[in-house]
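2 protein chains.
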Amino acid sequence: MDKGKILIIESHPETPDSISNLLDDEGFAPATTDENDNVLETAASEKPNLILIDMESVRADVWELCRNLKEDYETRKSAVILLSSQSDEELVVKAFESGADDFVSKPISKKKFVARLKAILRRMERNETKKIKVKDIEIDLDEHKVKKAGKPIDLTYIQFKLLYLLASRRENVFSRKEILEKVWGRKVYVTNRTVDVHIKRLREKLGEYKYPSQYIETIHGTGYRFL
Amino acid sequence: MDKGKILIIESHPETPDSISNLLDDEGFAPATTDENDNVLETAASEKPNLILIDMESVRADVWELCRNLKEDYETRKSAVILLSSQSDEELVVKAFESGADDFVSKPISKKKFVARLKAILRRMERNETKKIKVKDIEIDLDEHKVKKAGKPIDLTYIQFKLLYLLASRRENVFSRKEILEKVWGRKVYVTNRTVDVHIKRLREKLGEYKYPSQYIETIHGTGYRFL
DNA sequence: GCAGTATTGGCATAACTTTTGCAAAATGTT
DNA sequence: AACATTTTGCAAAAGTTATGCCAATACTGC
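Okay, structure coming up:
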């Protein structure tokens, strides 16, 4: 599974205890760039979820870099995490004030560090919650189960993904294009009509007979949304 | 300035070094609840941006609490921050795995702590959906929703685009030609009269009965503008 | 590997919603 | 008042979505 895009800014990615080596082991697939590259450009084109900056190895003005990353339209949504072996008050406060989203003091246990990163990634992609409860519907991602009013509902693979997507951002309107991309994946030859059909079947299983829909609303000309 | 809603879960908010006292000094206005209250309910109704849980003072199962907060639709967007005087690996990892967004070991310098909280609040703000607010009208692009005085208004696709265009640059006068281009696109054979019709219907739905128009003004011989 | 079952994709048509522009009425301008 | 522009009601036209159905594919148990 995709754990999220990570960009690491450090000078010596080869050393055994470098951040990139640490994350490689954990199944992340981080990209690396060093201070000599144009960090801002790399970040803007890669659009990583996380940007890890090792303060020891960056010569340039880190605060300036942070501020730029947060101001640039392309990168402002990436979480910036600073790592340093120092941790005095002034430094930490300055880090956060410059726009950093987290500050980690080295050395840190690998497990703690990874857990922290995962938490931040999770916070960015709100829909990675394991369980969602909406109205009388309960969705369990791990068990791949859906219950309505406590009673299990049998959904097929696509139906489940569809429901999960819609419910993960309730009220948000998803266009068919978006749905196709998120449920079927990028390179699909499935048409918009197919989305309709699956919506229909999902509605049936959720027990929608009457109007207006209790769960899935059609936004004419636009898409669908979970109420 | 509003610094964000904070809910603190601790048993003894009165003690001098309690979290709530610490934050009071910093200009935050945290609410407090203790383990005996129904934390979930309080959180769901308050919808705080931040939920601070002092692990020392909570008797109930903290992990369970975290998980519940993250599953419930009302509270899952609140950032949950755990505080503890312990910080061993197992505990920290478990905290993040249960859904916590941050883990802070006590004691911590007030300034560091506050800087961290501000960073988290800032990040949450960034993730909020963009809304345009004009007078008592609220337009939400992601949810494809328009509200007037809090009450939802049902707009069709074109009506929505039209309103969005006009409201996005208030006071600016849009010619019909401009409107046609921006709402319908370049290569259309739709006449100016059609724009009028849509303006009319939009006015109707916005509840414009009397003169002069409260929202959409006609500039005779020129076009329309949102007031 | 086969037969039976479940799932999926999408066509065709029905049901429904939205859009369009004419023509008449109303309003604004000079 | 004479003319230009905008507003409005209406019905036809265009567009979108729902649904029944069937074929293709995937899955399951033997």
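So the sequences go chain by chain: A and B. For the first sequence, the numbering used here gives the first residue as 2, with consecutive numbering after it. For the second sequence, the numbering used here gives the first residue as 2, with consecutive numbering after it. Note that CB positions come from ideal geometry on N, CA and C, so glycine has one too.
- In the structure shown, SER110 (chain A) adopts coil according to DSSP, grouped into three states.
- By the C-beta density criterion, LYS113 (chain A) is buried, having at least 16 other C-beta atoms within 10 angstroms.
- For the C-beta of SER214 (chain B), not a single chain A residue is nearer than 7 Å; the gap to the nearest is close to 26 Å.
- By the Cβ neighbour-count rule, PRO213 (chain A) is exposed, with fewer than 16 other Cβ atoms within 10 Å of its own.
- Here GLY222 (chain B) is exposed. Its C-beta has fewer than 16 other C-beta atoms within 10 Å.
- Spanning the alpha carbons of LEU228 (chain A) and SER79 (chain B) requires a straight line of approximately 20 Å.
- Closer than 8 Å to the CB of THR195 (chain B) there is not a single CB belonging to chain A.
- For PHE227 (chain B), the closest Cβ of chain A is not nearer than 8 Å.
- In this chain, the beta strand (DSSP E) harbouring LEU84 (chain A) covers 80-85.
- Linking ARG123 (chain B) to ARG204 (chain A) through their CA atoms gives a straight-line distance of about 38 Å.
- Going by beta carbons, VAL196 (chain A) and ILE180 (chain A) fall inside the 8 Å limit.
- Taking a contact to require three or more Cβ pairs closer than 8 Å, the region 131-142 of chain B and the region 102-117 of chain B do not qualify as touching.
- Boundaries of the beta strand (DSSP E) around SER176 (chain B): 174-176.
- From the listed residues A:LEU92, A:ASP26, A:GLY224, A:PHE29, the smallest Cα separation to GLU172 (chain A) is found for A:GLY224.
- Near chain A, meaning a CB-to-CB distance below 7 Å, the residues of the region 109-122 of chain B are SER110, LYS112, LYS113, ALA116, ARG117, LYS119, ALA120.
- Burial is judged here by how many other beta carbons sit within 10 angstroms of a residue's own beta carbon; ARG68 (chain B) has at least 16 and is buried.
- Within the DSSP bridge table, the entry for ILE138 (chain B) names B:VAL135, B:LYS149 as partners.
- Take the alpha-carbon of GLU11 (chain B) and the one of GLU126 (chain B): they are about 26 Å apart.
- What ILE133 (chain A) touches in chain B, judged by beta-carbon distance under 9 Å, is GLU72, TYR74, ARG77, going in chain order.
- A straight line joining the alpha-carbon of VAL191 (chain A) with that of ILE200 (chain A) spans about 14 Å.
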